[in-house]
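The sequence shown begins at 1 in this note's numbering and counts up by one.
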Amino acid sequence: MNISELDRRYVAHTYNRFPLEFESGKGSLVRGTDGRDYIDLGSGIAVNIFGLGDDAWKAAVTKQLDSFQHCSNLYYAAPVANLAQMLCEKTCMERVFFANSGAEANECAIKVARKWAQEHKGAEYCNIITLKQSFHGRTLATLAATGQKMYHQDYQPLPGGFLYAQVGDREGLEALAREHPCAAIMFECVQGEGGVMPIGQEWADTMQAVAEKYDLLLLADEVQLGNGRSGQLYGYMEYGLQPDVVTTAKGLGGGLPIGAAILGKRVADVLQPGSHGSTFGGNPVCCAGGISILSRIDEELLRGVRERSAYIVRELSGAKGIHSVSGMGLMLGLEIEKPAREFAELALRKGVLVTTAKQKIRLLPALNIPMNLLEKAVQILKDCAAE
Ligand SMILES: Cc1ncc(COP(=O)(O)O)c(C=O)c1O
């Protein structure tokens, strides 16, 4: 059997894979086992933010591997403390809980919100308001937090205590906060899996105001948008929000699994010994990689993100076969005439890797994608849309 046959035979069928087997990669170019090079506009779904084979990240990870690869959370390890300090200083927050994925970081945020509410408001204040069309992960609690019925249907009963508000419906949000004892509002600034839709400044202001009025925590899910992709370090900064918990994962690890729940002042001491934990959370190799990533997200890189974003939006808005471009920074969605999967397969045949989100094409290039590759890829996308 060749690799795709072996995979289909032995790997659970949870992914509708494209017909491409990776052989190697450098930066924004992927070499397939078919000998072709592909321009990567997906970055492993917003993970490889400095592309494949990033030298600085490889050096940081290798150096830590040469020292020790893992120690339990019963001991101290420098990369863990150093990455936590960096995350806190860059967000003006207080402490970090390390996990291994976005879903786990969100589980932590949910647990922190419930425990905080129990201690400060009463045990019945357990409900968490999330947004319709949101996506927060695949564990049972984060699935329940996800405001899309299609993800819920095969997995009943899901954990209770989640209420769903519609972006733009202030009255509806207030009614939920007023009529149910709630702990928090959880949100993405750009709903990625929900169709690459930014929530907008007005809705961000509404959530902040409702949270203040009803004494709710704000939990910002920055798993996909965070770590520079928005054009700011985190997307909530674009809207001037003041979240109590920020969750991050994907890009933070640069390709190794990591998740983090960054805790603000109000919740800094909610977690105590024994109240939460993870065997691999804060793995020193992943944290060493994270330090290398985070230390390079500076104003120059962010300016580059905004410039590349403006270029894509300018080139693709109004192009033949493209109805609209949505999103923020280098997390962009193309509403196209063709079915999204058909478009993505066509782009692959022409040498460009893209992902889909609902009926849209989702672009998540590396934050440092060279302009000449981006220009080439954008032209191919135009050709695909027009064909
Ligand atoms: C906004 C958001 N939250 C959470 C998750 C879940 O992250 P993970 O797949 O690392 O568990 C994702 C994954 O796509 C996401 O986009």
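Note that the Cβ used here is the ideal one computed from N, Cα and C, for glycine as well.
Determine the direct distance from the alpha carbon of residue j to that of residue i, and round the result to whole angstroms.
i      : j      : result
LEU241 : ASP383 : 39 Å
GLY255 : VAL285 : 11 Å
GLU119 : ARG95  : 19 Å
VAL267 : GLU335 : 39 Å
ALA386 : GLU124 : 55 Å
GLU107 : ALA141 : 7 Å
VAL30  : ASN2   : 20 Å
GLU342 : LEU348 : 10 Å
LYS338 : LEU41  : 19 Å
LEU233 : LEU20  : 32 Å
GLU300 : CYS71  : 35 Å
GLY274 : CYS92  : 26 Å
GLN201 : ASP7   : 44 Å
GLY351 : ILE262 : 38 Å
HIS13  : GLU5   : 12 Å
GLN148 : GLN156 : 14 Å
LEU52  : LEU367 : 12 Å
THR33  : TYR75  : 43 Å
ARG9   : ASN283 : 32 Å
THR146 : GLY192 : 12 Å
THR62  : ARG178 : 52 Å
ASP55  : MET371 : 19 Å
LEU302 : ARG296 : 10 Å
ALA59  : ASP269 : 35 Å
VAL313 : THR279 : 43 Å
GLY406 : MET150 : Lying before the first or after the last residue shown, residue 406 is absent from the chain, which here runs from 1 to 387.
Quick check on the DSSP output: the beta strand (DSSP E) that includes residue i runs from which residue to which?
i      : result
LYS453 : In the structure displayed, the chain extends from 1 to 387; residue 453 sits before or after that span and is not available.
HIS323 : 322-328
ILE336 : 331-336
ALA141 : From DSSP, ALA141 is part of no beta strand (DSSP E) but of the alpha helix (DSSP H) over 140-145.
ASP205 : No beta strand (DSSP E) contains ASP205, which is instead part of the alpha helix (DSSP H) from 201-213.
MET164 : Reading the sequence as shown, one finds Tyr at residue 164 and not Met. 162-165 is the span of the beta strand (DSSP E), which, as asked, contains TYR164.
ALA220 : 217-221
Kindly list the residues whose CB is nearer than 8 Å to the CB of residue i, restricted to its own chain and excluding five residues on each side of it in sequence; keep chain order.
i      : result
GLY333 : GLY195, VAL196, MET197, VAL325, SER326, GLY327, ALA357, LYS360, ILE361, ARG362, LEU363
PRO159 : LEU140, ALA141, ALA144
GLN424 : Nothing in the structure corresponds to residue 424, since the chain is present only between 1 and 387.
GLN344 : It should be noted that the sequence gives Ala, not Gln, for residue 344. So the qualifying residues of the chain are PHE18, VAL354, THR355, THR356, ILE361.
GLY304 : LEU367, ASN368
ASP37  : LEU29, VAL30, ARG31, GLY351
LYS26  : GLY51, LEU52, GLY53
TRP57  : PHE50, GLY254, GLY255, GLY289, SER292, ILE293
VAL378 : TYR311, ILE312, GLU315, LEU316
From which residue to which residue does the alpha helix (DSSP H) around residue i run?
i      : result
ARG314 : 299-316
PHE97  : Unbroken run through PHE97 is the beta strand (DSSP E), 95-99; no alpha helix (DSSP H).
GLU107 : 102-120
SER292 : 284-294
MET186 : Unbroken run through MET186 is the beta strand (DSSP E), 182-187; no alpha helix (DSSP H).
GLU89  : 78-91
TYR10  : 3-10
ALA476 : With the chain covering only 1 through 387, there is no way to say anything about residue 476.
LEU176 : 170-179
TYR151 : 149-152
With a threshold of 7 Å on Cβ separation, who are the neighbours of residue i within its own chain once the five nearest residues in sequence on each side are excluded?
i      : result
GLY277 : ASN73
ASN82  : ILE291
GLY168 : TRP203
HIS180 : ASN127, LEU163
SER24  : ARG31
ALA340 : THR356, GLN359, LYS360, ILE361
ARG170 : THR206
ILE380 : ALA347, LYS350, GLY351, VAL352
PRO257 : ASN100, SER101, CYS286
TYR239 : CYS189, GLN201, ALA204
Leaving aside the five residues before and after residue i along the sequence, list all residues of the same chain whose C-beta is less than 6 Å from its C-beta, in chain order.
i      : result
ILE322 : LEU316, LEU334, ILE336, ALA385
ASP244 : LEU217, LEU218, GLY264, ARG266, VAL267
GLU104 : GLY259
GLY329 : ARG229, SER230, GLY231, VAL305, SER309
ALA249 : SER101, GLY102, ALA105, VAL223, GLY259
LEU173 : ALA165, VAL210
With residue i and residue j assumed to form a contact (beta carbons below 8 Å), what rounded beta-carbon distance in angstroms separates them?
i      : j      : result
VAL223 : GLY102 : 3 Å
ALA165 : CYS126 : Not a contact, Cβ separation roughly 17 Å.
PHE187 : SER134 : 7 Å
GLY235 : CYS189 : 3 Å
PRO79  : GLN64  : 6 Å
LEU271 : PHE97  : 6 Å
LYS111 : ASP215 : Contact flag wrong, Cβ pair sits at about 19 Å.
*Runs of alpha helix (DSSP H) lying entirely within the region 24-52, each at least 4 residues, in chain order*: 43-46
*Curious, which full-length alpha helix (DSSP H) runs of at least 4 residues does the region 224-273 contain?*
235-238
*asked:* Please give the ranges of any beta strand (DSSP E) in the region 343-387, keeping only runs that are unbroken, at least 3 residues long and fully inside the region.
replied: 355-357, 360-363
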